Amino acid sequence: MSLIVQKFGGSSVANAERVMNVAKIVTDTYKQGNDVVVVVSAQGDTTDDLIAKAKEINPNGSKREMDMLLSSGEQISIALLAMAIQSLGYPAVSLLGWQAGFSTNSVYSAARIKTIHKERLKTELSERKIVVVAGFQGINSKDNITTLGRGGSDTSAVAIAAALHADKCQIFTDVDGVYTADPRKVKNAKKLKEITYDEMLELATLGAQVLNNRSVEMAKKYNVELEVISSLNPIPGTIVKEVTKMEKMLVRGVTKDTQVARISLIGLDDIPGVAFKIFSKLASKNINVDIILQSVGRNETKDIAFTVSKDNADLAIESLRELPFVGEDIEIKCDTNVAKVSVVGAGMETHPGTASTMFEALYNNDINIQMIATSEIKISVLIDIKDADKAVEAVHEAFLG
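At position 15 of the sequence shown the residue is numbered 14 (numbering that gives the first Met the number 0), and the sequence of numbers has no breaks.
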């Protein structure tokens with residue numbers, strides 16, 4: 000007998016028909032003699048609808064109250080799915096994040112899991128119940144409900160799989176695996192049978208919406224093998240694991256992220272410590288910075304540009320203005336009409352000319368590059384947002400067409 004953790008996203012439980020479809024998938028797994036824990040997201044656009052309701056009342060509502068509100072979406076999903084499973088004649092119990100033992104820190108809207116108290120989960124499984132857990136949420140040391148941020152249900156599922164030493168963690172979505180690009184945008188996109196944790200982590204971090212990057216990071220840390228699989232089309236998906244058996248592809252994927260903003264500080268003093276003070280300030284506000292570009296000093300000044308998520312742009316600018324050396328003579332610019340396009344592949348580090356191939360594809364399509372960032376397995380460029388889809392298709396064609 001195996002222990003299987005299955006996670007279903009909002010589109011998989013969007014309506015009654017799909018809830019019953021999920022119930023059938025879950026019970027089919029259970030009938031094979033497996034113990035099953037199911038992690039579920041809020042239905043369809045429920046989270047977005049709740050955010051809109053909050054803005055109608057108070058556009059600046061506290062993050063603590065937002066977590067209280069948003070956590071209600073998963074409560075609906077787990078109860079409905081448990082009832083659907085019961086209607087098929089199988090035992091099921093639904094648990095909120097805190098009931099399932101999720102203990103987190105107190106960073107509302109972006110909480111980190113500290114530990115999972117496994118007793119309740121083990122008890123319910125020992126009674127041969129299908130356990131349906133609300134993803135995306137937990138509880139902090141003050142007994143306040145917290146949420147893990149967008150895509151947090153993936154992280155919840157992997158955390159349970161790691162804590163219970165599950166034999167498999169399946170992430171069910173509305174696509175049938177991980178592709179070399181978004182198949183809805185790029186006609187020649189190919190589905191991958193396998194992909195490494197590192198490659199998947201880069202793709203997730205750089206905008207691919209198949210898996211949450213924190214879930215991949217956790218899966219790698221605890222060696223949880225993932226399978227990305229469709230809840231609507233019962234065919235084998237993509238396995239995410241430490242080492243793959245696939246032929247060494249130069250590039251595994253091309254992705255874009257349009258939820259980025261470029262912030263520039265112009266006219267900074269060209270002295271030691273300025274960059275440290277800027278980025279330590281942003282770090283203190285839990286603002287992640289990606290691509291960074293610093294100009295060569297001239298006339299005793301320098302410019303620094305970097306990218307953050309659009310959601311954090313206003314907070315970043317507000318935080319920078321708190322720095323004593325950022326006065327009226329320092330110009331701060333923010334551009335939200337940008338996109339980040341990236342290529343990812345473990346094979347890139349041993350293949351010279353990868354960057355030139357990417358840059359040539361962009362040049363041939365008259366796409367200007369604003370910023371560049373590289374690592375052993377990825378190259379990212381910042382471009383105008385209007386060119387994002389064209390850039391992905393051009394770069395994908397250059398490497399994988």
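Quick reminder that beta carbons are idealized off the backbone N, C-alpha and C, glycines included. Since the structure is predicted, the reported quantities are computational estimates derived from the model, not experimental observations.
Practice prompt. Determine the DSSP secondary structure at S279, reduced to helix, strand or coil.
Written response: Along the sequence shown, one-based indexing puts residue 279 at 280. Helix.
Worksheet item: Are there three or more Cβ pairs, one per stretch, closer than 8 angstroms when the segment 188–200 is compared with the segment 33–44?
Response: no
Item to complete: Look at the alpha carbon of R127 and the alpha carbon of N20, and state the distance between them as a whole number of angstroms.
Response: Taking the sequence shown and counting its residues from 1, the one referred to as residue 127 is at position 128. Taking the sequence shown and counting its residues from 1, the one referred to as residue 20 is at position 21. Their Cα atoms are separated by approximately 21 angstroms.
Worksheet item: Less than 8 angstroms separating the beta-carbons of L399 and K339?
Response: To locate residue 399, count along the sequence shown from 1; it is residue 400. To locate residue 339, count along the sequence shown from 1; it is residue 340. Cβ atoms of L399 and K339: not closer than 8 angstroms.
Discussion item. Going by DSSP, what residue range makes up the beta strand (DSSP E) through M370?
Written reply: Counted from its first residue, the sequence shown places residue 370 at position 371. Per DSSP, M370 belongs to the beta strand (DSSP E) from M370 to S374.
Discussion item. Our contact map puts Y107 next to R63 with C-beta atoms below 8 angstroms; I'd like the distance itself, whole angstroms only.
Written reply: As a working note, residue 107 is residue 108 in the sequence shown. As a working note, residue 63 is residue 64 in the sequence shown. Correct: roughly 5 angstroms between the Cβ atoms.
Practice prompt. Measure how close the beta-carbons of E226 and I238 come, nearest whole angstrom, since I'm counting them as under 8 angstroms.
Written response: The residue you call residue 226 lines up with position 227 of the sequence shown. The residue you call residue 238 lines up with position 239 of the sequence shown. Confirmed, about 6 angstroms.
Worksheet item: To the nearest angstrom, how far is it from the Cα of G176 to the Cα of G9?
Response: Here residue 176 refers to the residue found at position 177 of the sequence shown. Here residue 9 refers to the residue found at position 10 of the sequence shown. Near 17 angstroms, if we compare the C-alpha coordinates of G9 and G176.
Item to complete: Verify whether the separation of the beta carbon atoms of S76 and T146 is less than 8 angstroms.
Response: Walking along the sequence shown from the start, residue 76 turns up at place 77. Walking along the sequence shown from the start, residue 146 turns up at place 147. No, they are not a contact pair.
Worksheet entry | T252 (DSSP reduced to helix, strand or coil) | Here residue 252 is taken as the residue at index 253 of the sequence shown, counted from 1. The question names Thr, but residue 252 in the sequence shown is Gly. Correct three-state label for G252: strand.
Discussion item. Are the CB atoms of I138 and D153 within a distance shorter than 8 angstroms?
Written reply: Start at 1 with the first residue of the sequence shown, and residue 153 comes out as number 154. Start at 1 with the first residue of the sequence shown, and residue 138 comes out as number 139. Contact: no.
Discussion item. Considering only the alpha carbon of each residue, which of V259, Y362, V394 and A345 lies closest to N336?
Written reply: Taking the first residue of the sequence shown as position 1, residue 336 is located at position 337. Checked all of V259, Y362, V394 and A345; the closest Cα to N336 is V259.
Practice prompt. Would you list the residues sitting across from Q136 in a DSSP beta bridge?
Written response: By one-based count along the sequence shown, residue 136 stands at place 137. Note: Q136 sits in a beta bridge opposite T146.
Worksheet item: Is there contact here, the segment 388–395 with the segment 359–372, by at least three beta-carbon pairs under 8 angstroms?
Response: yes
Fill in: G134 beta carbon less than 8 angstroms from that of L120
Within the sequence shown, numbered from 1, the residue matching residue 120 stands at position 121. Within the sequence shown, numbered from 1, the residue matching residue 134 stands at position 135. The answer is no: Cβ separation not under 8 angstroms.
Discussion item. Between which two residues does the alpha helix (DSSP H) holding D48 run?
Written reply: By 1-based counting over the sequence shown, the position of residue 48 is 49. Note, D48: alpha helix (DSSP H), T45 to I56.
Discussion item. Tell me the DSSP secondary structure of L205 in three-state form.
Written reply: Your numbering for residue 205 matches position 206 in the sequence shown. Correct three-state label for L205: coil.
Worksheet item: Is G352 buried or exposed, if buried means 16 or more other CB atoms sit within 10 Å of its CB?
Response: Counted from its first residue, the sequence shown places residue 352 at position 353. Burial call: exposed.
Worksheet item: Alpha carbon to alpha carbon, how far is E246 from T373?
Response: Within the sequence shown, the letter at position 247 stands for residue 246. Within the sequence shown, the letter at position 374 stands for residue 373. In this prediction, E246 scores a pLDDT of 49, lower than 50, which makes its location untrustworthy; the coordinate-derived value is nonetheless stated afterwards. Their Cα atoms are separated by approximately 23 angstroms.
Fill in: Residue range of the unbroken alpha helix (DSSP H) whose run includes T356
One-based indexing of the sequence shown puts residue 356 at position 357. Here the alpha helix (DSSP H) through T356 covers T353 to N363.
Discussion item. Spatial neighbours of L281 within its chain, please: C-beta separation below 7 angstroms, excluding the five flanking residues on both sides.
Written reply: Counting from 1 along the sequence shown, the entry for residue 281 is found at position 282. Only V288, A315 and S318 meet the Cβ criterion.
Worksheet item: Among residues of its own chain, excluding the 5 on either side of G266, which ones have a beta-carbon nearer than 8 angstroms to its beta-carbon?
Response: In the sequence shown, the residue the question calls residue 266 occupies position 267. Around G266: T300, D302, D328, I329 and E330.
Discussion item. Taking the beta strand (DSSP E) that A304 belongs to, which residues open and close that run?
Written reply: The residue you call residue 304 lines up with position 305 of the sequence shown. Here the beta strand (DSSP E) through A304 covers T300 to S308.
Practice prompt. Can you grab the Cα-Cα spacing for the pair L124 / S279, in whole Å?
Written response: Within the sequence shown, numbered from 1, the residue matching residue 124 stands at position 125. Within the sequence shown, numbered from 1, the residue matching residue 279 stands at position 280. Roughly 45 angstroms between the two C-alpha positions.
Worksheet item: Taking buried to mean at least 16 other C-beta atoms within 10 Å of its own C-beta, is E16 buried or exposed?
Response: Here residue 16 refers to the residue found at position 17 when the sequence shown is read from its first residue. By the 10 Å Cβ count, E16 comes out exposed.
Discussion item. Could you compute how far the alpha carbon of V92 sits from the alpha carbon of Q136?
Written reply: For this step, residue 92 is matched to residue 93 along the sequence shown. For this step, residue 136 is matched to residue 137 along the sequence shown. Approximately 17 angstroms between the Cα atoms of the pair.
Item to complete: Provide the residue span of the alpha helix (DSSP H) that contains T179, from first to last.
Response: Numbered from 1 along the sequence shown, position 180 holds the residue referred to as residue 179. That residue, T179, is in no alpha helix (DSSP H); it is neither H nor E in DSSP.
Item to complete: Look up A274 in the DSSP assignment and say whether it is helix, strand or coil.
Response: Walking along the sequence shown from the start, residue 274 turns up at place 275. Three-state result, A274: helix.
Item to complete: Could you tell me how far apart the beta carbons of V25 and I129 are, in whole angstroms, since I believe they sit closer than 8 angstroms?
Response: As a first step, residue 25 is located in the sequence shown; it is residue number 26 there, counting from the start. As a first step, residue 129 is located in the sequence shown; it is residue number 130 there, counting from the start. Between I129 and V25 the Cβ distance is about 6 angstroms, and since that is below 8 angstroms, they are a contact.
Worksheet item: Three-state secondary structure (DSSP) at S379?
Response: Taking the sequence shown and counting its residues from 1, one reaches residue 379 at position 380. Strand at S379.
Practice prompt. Please name the residue or residues paired with I115 in a DSSP beta bridge.
Written response: Working through the sequence shown from its first residue, we reach residue 115 at position 116. Answer is F101, bridged to I115.
Discussion item. For K240, report the span of its beta strand (DSSP E) as first-last.
Written reply: In the sequence shown, the residue the question calls residue 240 occupies position 241. First-last of the beta strand (DSSP E) with K240: T237 to K240.
Discussion item. For A174 and V223, which I take to be in contact (beta-carbon distance under 8 angstroms), what is that distance rounded to the nearest angstrom?
Written reply: If you number the sequence shown from 1, residue 174 lands on position 175. If you number the sequence shown from 1, residue 223 lands on position 224. As written in the sequence, residue 174 is Val, which differs from the Ala given in the question. Actually they are not in contact, since the Cβ atoms of V174 and V223 sit about 20 angstroms apart, beyond 8 angstroms.
Worksheet item: What separation, rounded to the nearest whole angstrom, lies between the Cα atoms of Y89 and S155?
Response: Against the sequence shown, residue 89 aligns to sequence position 90. Against the sequence shown, residue 155 aligns to sequence position 156. Whole-angstrom Cα-Cα distance: 24 angstroms.
Practice prompt. Please report how far the alpha carbon of Q85 lies from the alpha carbon of T103, in whole angstroms.
Written response: For the purposes of this step, residue 85 is taken as the residue at position 86 of the sequence shown. For the purposes of this step, residue 103 is taken as the residue at position 104 of the sequence shown. Taking the straight line joining both Cα atoms gives about 31 angstroms.
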